[in-house]
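Using full-length UniProt numbering, the letters of the sequence shown correspond one by one to residues 1 to 476.
Note that the Cβ used here is the ideal one computed from N, Cα and C, for glycine as well.
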Amino acid sequence: MDLQENKGAKLFQDSVHDVMRFHKLIVKFIDTKEFQRLRNIKQLSTTYLVYPAAAHNRFEHCLGVCYLAGELLSNLEENSKNLWNKIFPVAEEWKKKKLAVQIAGLLHDLGHGPFSHTWEKFVLSATGEKWDHEATSCALIDEIIWDGENKELTEVGKCFQEEFHDVEEYVQFIKDIIRGDKINDIIKDGSASDKIKAFLYQVVANKINDVDVDKFDYFLRDAQHLNIGVPFNYTRLINLCRIEIEDGISYIAFRDCESYSLKGLFRTRADLHIRAYQHRVAKCLETMLVDALCAADREGFEVGGFRLSRVQECPRLFIRMTDSILETIQNSEEEPFKKARAIINRIVTRKLYEVVGEWVLDVVQTENDIQNNKPPSGLEHEKLIELENKLGTKCAVTQVCVNMGKYYNPMKNMRLYAKNGRRDILDENTPSIVMDLPFYKVYVFKKEQENTDNEEIKMTVKEFLIEQRVYREGNE
1 MDLQENKGAK LFQDSVHDVM RFHKLIVKFI DTKEFQRLRN IKQLSTTYLV YPAAAHNRFE
61 HCLGVCYLAG ELLSNLEENS KNLWNKIFPV AEEWKKKKLA VQIAGLLHDL GHGPFSHTWE
121 KFVLSATGEK WDHEATSCAL IDEIIWDGEN KELTEVGKCF QEEFHDVEEY VQFIKDIIRG
181 DKINDIIKDG SASDKIKAFL YQVVANKIND VDVDKFDYFL RDAQHLNIGV PFNYTRLINL
241 CRIEIEDGIS YIAFRDCESY SLKGLFRTRA DLHIRAYQHR VAKCLETMLV DALCAADREG
301 FEVGGFRLSR VQECPRLFIR MTDSILETIQ NSEEEPFKKA RAIINRIVTR KLYEVVGEWV
361 LDVVQTENDI QNNKPPSGLE HEKLIELENK LGTKCAVTQV CVNMGKYYNP MKNMRLYAKN
421 GRRDILDENT PSIVMDLPFY KVYVFKKEQE NTDNEEIKMT VKEFLIEQRV YREGNE
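Below, the structure written as C-alpha cells:
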C-alpha cells in the first residue's frame, strides 16, 4: 500500500492470520449492515452444538478470505515479474483488479442464510427448489452499491466509483469472481486480454482445481476452533506460487516441492468432513433444525410479509435473517407454531432424534465420471424423499458425502513448476490421493420418542438401497 492507500486503512487482529490490514474501501464494505449481519451466522451451523468451541462466524472467515486474496495476488506479482507488463500493460488496471478481487473475497459469503448451509437445505426441503447463497450475495452487493428506490449510488457506491470509475463493470467483475464459472467461458471464447487475466478467477472460487483462498482460510479456521490438527499450511503455497501461461491462458501454478502441501489440503478437507462437518450428531441436529424451520414455514411463519422459505427473495428483508430466527420461533406464543417450538425445545434439552442406523453406499464412477475426473454420485434428492415416504412421517433420512472435493483426483488439474523453470502439468498418470473413504453414507433417524423395534425400519432401508443398486450386504 502506498501512503494514499494507507489513509483510511484499518488493522484487524485475527486468531488465524494475526494482523490484517485492509484498504479504506474494504473498510467501507465491512461497516455496512449487510456485512455486519455475518457476525451472527455460525460458520459451522449445528456442528457448534457438538463442538462447543466452534463458535466462529461467517464475519471473521470473510475477513480472512479477503486478506488471503491480497496476499496471494501480491506474491503472484512478485514471483511473475517477467510477465506482469504483458498481463497488465497499464499499471492502474492491475491496482483496480487486485482491489476488486479482495472485495470479492470479502463479500463471497454475504448471502448465506441463518446457520450457513443448513438454510439451503431448509429451502430445498420446504420448496423443492435449489437455492444457492452466491446468487443472494450478488443481490446484496447491489443493495450496498445502489439505493434501490431511485437507483442512485449509496455512500459506499460513491466511494466505489472513486476507486473504479466504471461502477457497473467492476461490480459485475466482482460478482463473476464470486461465482467462479466465468473462467470456463473465458477459456472457451474469451478475448486474448481476458485469457491472459484468467488467473484472477482462480483466487477466491477456483473452478479449475478447487485450490483457492476460501479453502485456505476455512480449513485452518475451522480446524483451529474444532481443535483438530490438520496436515496443511497455506504459507509456503502462497509464497511459492506464480503465473504460468498456456495457450494464452494464465493459470496459478505452485512449486513442485509443494505437491505434498497440496495433497495435505485435500486430506484436510476429507478429515474435517469425517470428524466434524458430517458428524452423526451434527447431522441429526441439522435434520431437527430443518424440521423445525419447515414446521414453522408450513404454518405460515412470515418475515415482513414473506414466507420463511421465501425471504431470501427479498434482499432488504433477508439482511434481518440471522441465527436468532431460532429464538424468535422458540419465543413465539402463537398456537400454529407449537410443533416447531417442540422440536427446538428438543434440540435445546438434547432430546435428539434416535439414530436407527447408517448405511455406506456402494457407488462407482461412471464412464462420464472417469472422463471428467468426477467422484461417483450418491442418491438423488428425489430418491431420498422416496425412501422417507416409504418409512413414513416417523423417520428422517439424510445423506452425507465425504470425498476430495469436486474432482476424483484433484491433483490431475494442478499446475506445478520446477526450480529450473520447467512446467509440469499433472495428468492422467499422476498418482491419485483418494483415500479409502466411504464416499456416501445414509443416516436414518427416528423422530418419535418411543420404544419401537427398529428392525423393520432397517429392513425397509436395506431393501430400498439394494433396489437402487447402491448397497451390498455388510456395508453398515
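Assuming residue i and residue j form a contact by the criterion Cβ under 8 Å, report the distance between their Cβ atoms to the nearest whole angstrom.
i, j, result
"I343", "A295", "6 Å"
"G64", "H17", "6 Å"
"residue 478", "F115", "Residue 478 falls outside the range modelled here, since the chain spans only 1 to 476, and no answer is possible."
"G105", "V204", "5 Å"
"R269", "F219", "7 Å"
"V461", "G357", "7 Å"
"Y443", "K283", "6 Å"
"K458", "Y407", "No, K458 and Y407 are not in contact; Cβ-Cβ is about 34 Å, not under 8 Å."
"F199", "Y251", "6 Å"
"I144", "L153", "Not really, about 10 Å apart at Cβ, beyond 8 Å."
Looking only at C-alpha atoms, which of the options sits nearest to residue i?
i, options, result
"R346", "D369, A292, G378", "A292"
"G392", "R269, T366, F445, A91", "F445"
"S261", "R269, P231, C314, D185", "P231"
"A223", "E246, R275, I196", "R275"
"E92", "W131, F164, E120", "F164"
"T136", "E456, R310, Y471", "R310"
"D109", "N85, I245, L140, C284", "L140"
"D256", "L83, L416, I466, F464", "L416"
"A418", "S116, F301, E258, L308", "E258"
"M404", "M459, Y201, Y440", "Y440"
"I196", "E120, I144, L106, L83", "L83"
"E380", "C401, N368, N372", "C401"
"K394", "D453, V364, N373", "D453"
"L317", "R37, F12, S15, L11", "R37"
"C62", "K447, L387, F216", "F216"
"W359", "Q399, I249, G128", "Q399"
"G128", "R472, E244, L384, L49", "L384"
"N57", "V355, G113, N233", "G113"
"G421", "P89, E244, N209, D31", "E244"
"R179", "I145, L226, L107, E382", "L107"
"W131", "Q13, Q312, K263", "Q312"
"D176", "E299, E134, K188, K33", "E134"
"T118", "D297, E382, L285", "L285"
"D362", "R472, K10, F254", "R472"
"E382", "L124, V303, K10, G229", "L124"
"G264", "T235, R280, D181, H279", "T235"
Around the C-beta of residue i, are 16 or more other C-beta atoms found within 10 angstroms, so that it is buried, or is it exposed?
i, result
"K28", "buried"
"E60", "buried"
"N331", "exposed"
"G47", "One detail in the question is off: residue 47 reads as Thr in this sequence, not Gly. Counting Cβ neighbours within 10 Å, T47 comes out buried, since at least 16 surround it."
"A53", "exposed"
"M411", "buried"
"L3", "For L3, the pLDDT reaches just 44, beneath the cut-off of 50, and the residue's location in the model is therefore unreliable, leaving the point undetermined."
"T287", "buried"
"R45", "Note that residue 45 is Ser in the sequence shown here, rather than Arg. It counts as buried."
"K96", "buried"
"E467", "exposed"
"L49", "buried"
"E367", "exposed"
"Q202", "buried"
"I55", "Sequence check: residue 55 is Ala here, not Ile. By the neighbour-count rule (16 or more Cβ atoms within 10 Å), A55 is not buried but exposed."
"A192", "exposed"
Handout entry: Inside the segment 64-105 only - beta strand (DSSP E) runs reaching at least 3 residues
Key = Listed in chain order, the beta strand (DSSP E) elements of length 3 or more contained wholly in the segment 64-105 amount to none.
Exercise for the section: Specify whether the segment 158-173 and the segment 323-339 touch according to this definition: at least 3 beta carbon pairs, one from each stretch, less than 8 Å apart. Expected result: Contact fails: fewer than three Cβ-Cβ distances are below 8 Å.
Practice task
Check whether the segment 231-242 touches the segment 69-89, taking contact to mean three or more Cβ pairs, one atom from each stretch, closer than 8 Å.
Solution key: Contact annotation: the segment 231-242 touches the segment 69-89, with at least three C-beta pairs closer than 8 Å.
Practice task
Enumerate, from N- to C-terminal direction, the unbroken alpha helix (DSSP H) stretches of 4 or more residues contained entirely within the segment 243-271.
Solution key: Counting only runs of 4+ residues, no alpha helix (DSSP H) is found wholly inside the segment 243-271.
Handout entry: contact_flag[the segment 8-25, the segment 319-330] where n(CB pairs < 8 Å) is 3 or more
Key = No: the two stretches stay apart, fewer than three of their Cβ pairs being nearer than 8 Å.
Practice task
Any chance you could list the beta strand (DSSP E) runs of at least 3 consecutive residues sitting entirely within the segment 346-373, in chain order?
Solution key: Runs of the beta strand (DSSP E) inside the segment 346-373: 354-360.
Handout entry: Uninterrupted alpha helix (DSSP H) stretches inside the segment 443-468 (no shorter than 4 residues)
Key = Listed in chain order, the complete alpha helix (DSSP H) runs (minimum 4 residues) inside the segment 443-468 are 455-467.
Exercise for the section: Return the chain-ordered ranges of every alpha helix (DSSP H) run that is complete within the segment 126-214 and spans a minimum of 4 residues. Expected result: If only uninterrupted alpha helix (DSSP H) runs of at least 4 residues are considered, those enclosed by the segment 126-214 are 133-145, 155-164, 167-179, 182-189, 192-195.
Handout entry: Ordered list of alpha helix (DSSP H) runs contained in the segment 288-354, each at least 4 residues
Key = The segment 288-354 contains these whole alpha helix (DSSP H) runs: 315-318, 325-330, 338-348.
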